Every structure is written in C-alpha cells, then in structure tokens.
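What follows is a single structure, written as structure tokens, with notes after it.
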Amino acid sequence: MSAQSAQSSFTNTLMPQPSKLTAEPGGFILKPSFTVAAPQFRDGRLDAAIGRTLHRLEYETGIPVAKDIHKDPAGASLIIEVKGAGEVIQSVDEDESYSLHVTANGAKLQANTVVGALRGMETLLQLVQPDHSTYFLPAVSIEDTPRFRWRGLMIDCGRHFEPVPVIKRTLDGMAAVKLNVFHWHLSEDQGFRIESKLYPKLAGMGSDGLYYTQEQAKEVVAYARERGIRVIPEFDMPGHSSAWFVGYPEISSGSGPYEIRREFGISDVAMDPTRDSTYKFLDGFVGEMSAIFPDPYFHIGGDETNGVQWKGNPRIVEFMQKHDLKDTAALQAYFNQRLLKILVKYHKHMIGWDEVLNPALPKDVVVQSWRGEASLAAGAKQGYQGILSAPYYLDGMKSAEQHYLADPLPANSDLTPEQRSLILGGEVCMWGEQLYERTIDSRIWPRTAAMAERFWSPENVRDVDDMYRRLNTVSIRLEVFGLTHLTQEDVGLRALTGSADIDAMRVFASILEPVSFGERYEGQHTSQLTPLNRLVDAVRPDPPSRYEVQVLVHALLENPSQHSDEKHQLEAAFSAWKAAAPKVQQRVTASPLLTEDAAARAQQFAQLAEIGSQALAYLAGASSAPTGWKQNSLTVLDNAKKPGGLVRFTVLGPLRDLVNAVQEK
Ligand code: ACM
Numbered sequence: 034m035s036a037q038s039a040q041s042s043f044t045n046t047l048m049p050q051p052s053k054l055t056a057e058p059g060g061f062i063l064k065p066s067f068t069v070a071a072p073q074f075r076d077g078r079l080d081a082a083i084g085r086t087l088h089r090l091e092y093e094t095g096i097p098v099a100k101d102i103h104k105d106p107a108g109a110s111l112i113i114e115v116k117g118a119g120e121v122i123q124s125v126d127e128d129e130s131y132s133l134h135v136t137a138n139g140a141k142l143q144a145n146t147v148v149g150a151l152r153g154m155e156t157l158l159q160l161v162q163p164d165h166s167t168y169f170l171p172a173v174s175i176e177d178t179p180r181f182r183w184r185g186l187m188i189d190c191g192r193h194f195e196p197v198p199v200i201k202r203t204l205d206g207m208a209a210v211k212l213n214v215f216h217w218h219l220s221e222d223q224g225f226r227i228e229s230k231l232y233p234k235l236a237g238m239g240s241d242g243l244y245y246t247q248e249q250a251k252e253v254v255a256y257a258r259e260r261g262i263r264v265i266p267e268f269d270m271p272g273h274s275s276a277w278f279v280g281y282p283e284i285s286s287g288s289g290p291y292e293i294r295r296e297f298g299i300s301d302v303a304m305d306p307t308r309d310s311t312y313k314f315l316d317g318f319v320g321e322m323s324a325i326f327p328d329p330y331f332h333i334g335g336d337e338t339n340g341v342q343w344k345g346n347p348r349i350v351e352f353m354q355k356h357d358l359k360d361t362a363a364l365q366a367y368f369n370q371r372l373l374k375i376l377v378k379y380h381k382h383m384i385g386w387d388e389v390l391n392p393a394l395p396k397d398v399v400v401q402s403w404r405g406e407a408s409l410a411a412g413a414k415q416g417y418q419g420i421l422s423a424p425y426y427l428d429g430m431k432s433a434e435q436h437y438l439a440d441p442l443p444a445n446s447d448l449t450p451e452q453r454s455l456i457l458g459g460e461v462c463m464w465g466e467q468l469y470e471r472t473i474d475s476r477i478w479p480r481t482a483a484m485a486e487r488f489w490s491p492e493n494v495r496d497v498d499d500m501y502r503r504l505n506t507v508s509i510r511l512e513v514f515g516l517t518h519l520t521q522e523d524v525g526l527r528a529l530t531g532s533a534d535i536d537a538m539r540v541f542a543s544i545l546e547p548v549s550f551g552e553r554y555e556g557q558h559t560s561q562l563t564p565l566n567r568l569v570d571a572v573r574p575d576p577p578s579r580y581e582v583q584v585l586v587h588a589l590l591e592n593p594s595q596h597s598d599e600k601h602q603l604e605a606a607f608s609a610w611k612a613a614a615p616k617v618q619q620r621v622t623a624s625p626l627l628t629e630d631a632a633a634r635a636q637q638f639a640q641l642a643e644i645g646s647q648a649l650a651y652l653a654g655a656s657s658a659p660t661g662w663k664q665n666s667l668t669v670l671d672n673a674k675k676p677g678g679l680v681r682f683t684v685l686g687p688l689r690d691l692v693n694a695v696q697e698k
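One gets the working numbering by counting positions in the sequence shown from 1 and adding 33 to each.
As structure tokens, this is what we get:
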C-alpha cells in the first residue's frame with residue numbers, strides 16, 4: 034500500500050539553508066503511526082538525539098509519536114543510517130555532512146557520523162509544515178555540508194555570571210542552527226568563574242560566589258558534546274586578569290592588594306611575565322583545566338594588555354632590557370611563548386585575540402580577529418589560521434541584516450586559495466557588560482541564527498528579504514528550548530510599569546531598540562554593579578518592525594497605485610501607534626523606573642504616529658500638505674533621532690522617506 038501524499042507545497046523555512054536542496058510536490062504526512070529505525074550504527078549519543086527529536090516533533094505537531102528506535106528499516110517512517118560515532122573528541126575537522134530525502138513514503142537521513150546525523154535531525158524538524166488538518170514533511174532531497182568548520186558563539190560569563198540553565202538552553206539553540214563551538218569566556222577583571230581545586234582562591238575570592246563548579250563545567254561540556262558542540266574555555270591572560278589577583282596577588286606585576294574590578298574597560302594590571310613562579314602557577318592551572326575541557330584548543334585571551342603595570346615596575350623594565358624586549362608587545366609575545374610551552378605540554382593548541390599575532394609565535398596559533406577583517410587577512414598572509422569576530426559583536430546592537438552580510442571570506446578577498454583555507458570560520462561574540470541572565474537571550478537570539486547561516490550556508494545565500502522571512506519562524510522555534518528572547522520583553526514591560534496591562538507599552542516597545550554598547554556606556558556609565566532593569570533592557574535589538582516598516586514604505590513609494598495592501602498595513606500600524614500613545618504617556622509618567630528614559634520618547638512616539646498618518650493621507654491625495662508641514666515633520670524626526678533614554682526608534686528612516694515623498698501645496 035503506498036502512502037497518501039501531502040497536498041500542500043513546500044515552504045522553505047530552513048535556517049541555515051542547506052548546500053543543496055531540491056523539492057518535489059507533496060510529501061510525507063505525519064501520523065501517530067510514525068516510527069523510527071536506525072539500522073546501522075547506534076550509540077547512546079545518537080539514541081538520545083533521536084529521542085529529543087521525537088519529543089520535539091510531538092511538541093511541534095501535537096501528534097503522539099512512539100519513542101522506540103527499531104533496527105528493521107522495513108516500513109519505518111524515518112530511517113536514520115549512520116556509519117559511525119565520529120571523533121571521540123570532536124575536532125575542527127569532524128564530518129558534519131548529511132543527506133536527507135523525503136518522499137510520500139517516508140524520510141531517510143544518512144550521515145557518516147553521529148554529528149552529521151544531529152545536523153540532519155535539526156533540518157528534519159525545521160521541515161515540518163502544516164498540511165490542512167495535519168502536518169507533513171515536504172518531499173525534498175538535501176545534501177548538506179558546512180562552508181566553514183568553525184562556527185562559534187562566545188559568551189562572556191566573566192563580567193556577568195550566566196547560570197548553567199542559561200548556558201544549556203543556549204547550547205540547544207546553537208545546535209538548532211548548526212553552530213558547533215561554544216567559546217566560554219571564564220575569566221575577566223570582573224570575575225573568575227570556574228572552581229579550581231589547586232587554586233581555590235581564584236573563584237573563592239574572585240567571583241562574588243558566582244562560579245561554575247568543576248562538576249557543572251563537565252556537565253556543560255557533556256551537554257554540548259551530546260549536541261555536536263565543542264567547548265573552548267577562555268582564560269584571559271596576561272591582562273583582563275584582576276579577578277585572579279584578588280586571591281593570588283603574587284602572579285601579578287604589582288604588589289596588590291587587589292579587588293574584583295567593578296568598572297569595565299581596560300585595566301592596567303597584568304600577570305608578571307618575568308617570574309618563573311607565574312609559569313609554574315599557570316602550568317598547574319592549565320593542567321587542571323585540561324582535565325575538564327578535552328578540546329584540543331585553549332583560548333588564552335591576550336587582548337587589551339596596556340603594559341602600564343609592567344612599565345611601572347622597575348624589576349620588569351630591567352628584565353625587558355636584559356632580554357632585549359623593546360616594548361610591552363614584545364614582553365607579551367615572550368609571555369605567550371612561555372605559555373605556549375605549557376599548552377603544548379597538555380596537548381593544547383593556542384588560540385587568542387588579535388594581539389597574540391606576533392612573528393615570535395609558531396604558525397599553529399589561531400588568531401581570533403576582533404579588530405577587523407584586515408587583521409584576519411594579515412594573519413592569513415603570515416600563515417596563521419584565523420576566525421572572524423569583528424562584524425559579529427552582538428553588543429553593537431546592529432541588525433541581523435548587517436551581521437548576515439558580513440562574510441568571513443568575501444568573494445572579493447585578495448587571499449590566495451592557500452591563505453583562504455586558513456580562515457576557519459567565524460564566531461559571534463556576546464560580551465557581558467550590559468546584560469545578565471534575564472536579558473542575554475534577547476541579545477543573542479534570533480540575530481545569531483542569521484550569522485549561523487552565514488557560517489554554514491553557501492556564500493551566495495545572501496537574500497536579506499528571505500533571511501528575515503525565515504528568521505521570524507526560526508525565532509519562534511527557538512522558544513521550544515525555554516529561550517526567553519521573545520517573552521522577556523513582556524516580562525520587562527510588566528516589571529517597568531507594575532501592571533499586567535501592557536498592550537499599549539508593547540506597541541511602543543515594538544518600534545524601539547537598545548542603543549549600542551558604546552552609546553549606552555556614554556549615557557549611563559554602566560559598571561558591574563549597575564542594575565540592568567531599564568527600558569533599554571526590556572526592548573530587543575532589531576525587532577521585526579525595523580525591517581517590516583522599511584519594506585512596506587519602499588514598496589508603497591515605488592508604485593503607490595499597486596500597493597494598496599502595503600498602504601493599509603501602514604495605516605493600521607500608524608493608527609495602532611496613535612491609539613497606544615496616550616496610554617503609554619500615562620504609564621511612563623506613573624513609573625519612576627520609566628519616566629527618565631521614556632518621557633521624551635513617549636511624546637515622540639505620538640508625533641511619529643501623527644506624521645505617518647498624515648503623510649499617507651497626503652500621498653493619497655485627499656488633501657495637500659500645508660506649506661511648512663514637511664520641514665516641521667523632518668524636524669520632529671531629527672529630534673527623535675537624537676540620543677535619549679538609551680533606546681532608539683527603528684522606523685525613522687522609512688518615515689523620513691514618506692515625508693520626503695509628500696508634495697506641499
Ligand atoms: C575584545 O573585544 N577585547 C576581544
């Protein structure tokens with residue numbers, strides 16, 4: 034008996050896009066009789082992943098699914114053929130490829146490794162679509178393999194601690210969009226975040242009690258491995274290291290005593306590179322951490338060491354002269370050379386930020402570029418492997434579009450094929466100055482899914498419209514893991530207003546986003562002790578309004594007579610703003626937490642609504658704009674663009690375009 038085929042056609046909501054995909058009409062209808070077989074290789078990791086997939090399938094569709102994994106593929110709805118386990122310790126060269134074929138009779142997933150199968154199962158779950166009264170898997174043939182080997186997300190748990198459940202749900206989200214490296218920034222001036230049994234005063238005195246036990250760290254590493262994600266720990270050295278010195282001033286370049294540094298930015302303190310005892314300490318520490326973090330890469334930070342404490346210590350200055358180290362950069366290279374010996378002893382490769390790039394270091398050091406594409410290319414030209422991070426800083430509060438279009442290896446790169454092969458990939462960076470466990474998800478997601486696609490999918494997958502269309506769906510799917518990127522805005526608005534009636538505030542917040550890290554720092558001077566409970570913390574970067582209003586306005590202006598639908602959508606939006614504005618002003622005035630940030634913004638919100646409505650009416654020709662209307666409106670838009678309240682409006686550009694299109698009498 035042949036299966037009944039689905040009636041609906043395939044809508045591609047996959048993110049990242051597979052390297053090759055063809056779709057046919059119809060597909061496999063999901064029913065409670067759904068069964069899975071894994072007739073070839075099986076292990077605990079594969080079985081657990083299949084179990085999670087079936088639970089998610091059930092959650093996505095409401096169709097009860099049996100969780101047994103059969104050996105016999107005959108009649109199975111989903112056949113998962115895996116050749117082997119893959120690497121015992123997943124390396125940068127792990128085979129992550131898979132193929133997935135769906136017909137009216139069922140789905141077949143094939144992979145060489147369990148990690149490939151994990152990637153394929155995520156694709157399978159993203160394929161699920163409604164078919165009238167049920168769900169189906171569209172008929173597709175997918176052959177998929179990543180473009181870059183290194184697709185990471187760094188989280189800074191030093192400046193603000195992130196509890197284990199936050200890390201775990203982030204790892205789930207990463208796996209869903211096929212990221213494969215969790216770079217765990219574990220030490221900072223503001224906190225030393227992992228237990229050392231050898232040096233208990235590191236976390237004991239340097240963390241305010243907020244640190245991961247070794248058991249918890251191992252649990253995170255295991256959780257990540259189950260999802261095909263490598264964990265690279267970072268211990269920032271020799272700078273960004275105040276928290277080490279609270280308990281162990283003897284490894285610093287000064288005399289102490291030290292405190293946990295509450296201020297952000299670059300501190301003057303650094304480890305003492307001149308004393309053997311420093312390296313003895315680090316040898317013990319790296320050895321201890323190597324037993325927790327099996328990955329062959331070890332991140333030593335290396336950024337922003339300003340050399341002030343070195344230059345202020347006559348003994349260190351004398352050492353530099355004696356060893357012919359002409360400046361503090363040379364002294365840092367000396368430190369890195371000695372540190373590298375320790376890493377090699379524990380079978381680790383060194384990875385560090387841009388500043389580690391120095392001809393004194395061997396070519397197997399990996400450079401993570403935070404200062405720009407140029408330094409990445411410079412490294413590759415000298416033979417160093419590199420990872421691009423500069424365009425992927427989430428705290429810049431840039432749009433998903435801006436991040437998406439930045440390519441680790443752009444088509445016009447002047448690198449030779451050999452140099453190009455040194456670019457391992459990219460890493461999204463989530464620095465921790467201005468976030469904490471409640472707000473981190475909304476900073477990471479969904480923008481990180483767009484970057485995950487950049488790192489995985491073919492270079493020519495660059496259609497921004499299509500990316501946003503899919504991102505909206507992916508964002509909803511990510512909530513299955515308990516990620517709070519969408520819900521936190523409501524939570525924040527309720528907390529700020531002290532009210533459950535936040536409908537009007539939501540409309541207001543929908544066209545606001547946080548200013549960049551730098552602008553917020555200017556406006557608020559955040560430190561580790563600053564409560565992060567303001568309007569800027571509630572709102573999300575690059576909310577859907579930014580792109581949607583822009584698209585509607587541009588379509589309308591391009592051809593007003595053919596875009597009445599867009600016009601109606603804009604009219605509805607401006608009317609909703611107008612209707613919400615009085616309530617917003619009332620709420621803002623009533624809340625001490627909101628008044629300072631939002632009083633001016635709430636007034637501007639009402640003005641923007643008015644300008645939008647008027648512009649549409651004038652463009653429709655019902656009446657003409659009085660002389661001066663345009664100039665007045667542009668002045669309002671200019672004022673709304675000025676810094677204020679640590680938030681900015683997302684819709685000023687398209688509103689300006691609308692105003693400019695109006696003809697005055
Ligand atoms: C960095 O942003 N200092 C790596």
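Glycine included, C-beta positions come from ideal geometry on N, C-alpha and C.
If you're wondering where the values come from, they're calculated on a predicted model, not measured in any experiment.
Does DSSP put residue i in a helix, a strand or coil?
i	result
THR94	helix
TRP183	strand
GLU581	helix
PHE514	helix
GLU486	helix
ARG681	strand
MET430	coil
ASP524	Looking at the sequence itself, residue 524 is Val, so the reference to Asp does not match. Correct three-state label for VAL524: helix.
TYR417	coil
GLU591	helix
SER624	coil
GLN401	strand
ASP305	coil
SER543	coil
GLY60	strand
VAL173	strand
SER532	coil
Should residue i go down as buried or exposed, given a rule of 16 or more other Cβ atoms within 10 Å for buried?
i	result
GLY551	exposed
GLU715	What is shown of the chain runs 34 to 698, which leaves residue 715 out entirely.
VAL98	buried
ARG295	exposed
GLU283	exposed
GLU697	exposed
TYR330	buried
THR683	buried
THR246	exposed
LYS381	buried
LYS414	exposed
For residue i, which residues of its own chain have a beta-carbon under 7 Å away from its beta-carbon, when the five flanking residues on both sides are left out?
i	result
LYS100	GLY84 and LEU87
ALA56	PHE43, PRO171, ALA172 and VAL173
PRO271	ALA303, MET304, PRO306, THR338, GLN365 and PHE368
PRO106	ALA70, PRO72 and ILE112
TYR469	HIS193 and LEU565
GLY320	TYR379
GLN143	GLU114, TYR131 and SER132
Which residues in the same chain as residue i place their Cβ atom closer than 6 Å to its Cβ, once the five residues preceding and following it in sequence are excluded?
i	result
MET651	First, the residue type needs correcting, since residue 651 is Tyr and not Met in the sequence shown. Contacts found: ALA658 and VAL695.
SER508	PRO479
GLU599	LEU585, ALA588 and LEU589
ALA699	Nothing about residue 699 can be read from this structure; the chain reaches only from 34 to 698.
MET500	TYR437 and ALA483
So, for residue i: in the same chain, excluding its five sequence neighbours on each side, which residues have a beta-carbon less than 8 Å away from its beta-carbon?
i	result
ALA633	GLY677 and GLY678
VAL572	GLU522, GLY525, ALA542, LEU545, GLU546, PRO547 and VAL680
LEU457	VAL125, PHE181, ARG182, TRP183, VAL399, GLN418, GLY419 and ILE420
Within the stretch 324-387, ranges of the beta strand (DSSP E) (whole runs, at least 3 residues): 330-334 and 382-386
Length at least 3, wholly inside the stretch 213-300: the beta strand (DSSP E) runs in chain order: 214-221 and 263-270
With a floor of 4 residues, list each alpha helix (DSSP H) that falls wholly inside the stretch 88-162, ordered by position along the chain. 147-160
Return the chain-ordered ranges of every alpha helix (DSSP H) run that is complete within the stretch 441-514 and spans a minimum of 4 residues. 450-453, 473-477, 480-489 and 497-511
Would you call the stretch 522-539 and the stretch 436-456 touching, i.e. three or more CB-CB distances under 8 Å? no
Stretch pair the stretch 323-339 + the stretch 258-268: three plus CB contacts closer than 8 Å: yes
If contact is defined by three or more beta carbon pairs under 8 Å, each pair taking one atom from either stretch, is the stretch 142-159 in contact with the stretch 182-197? no
Within the stretch 610-678, ranges of the alpha helix (DSSP H) (whole runs, at least 4 residues): 625-653 and 662-674
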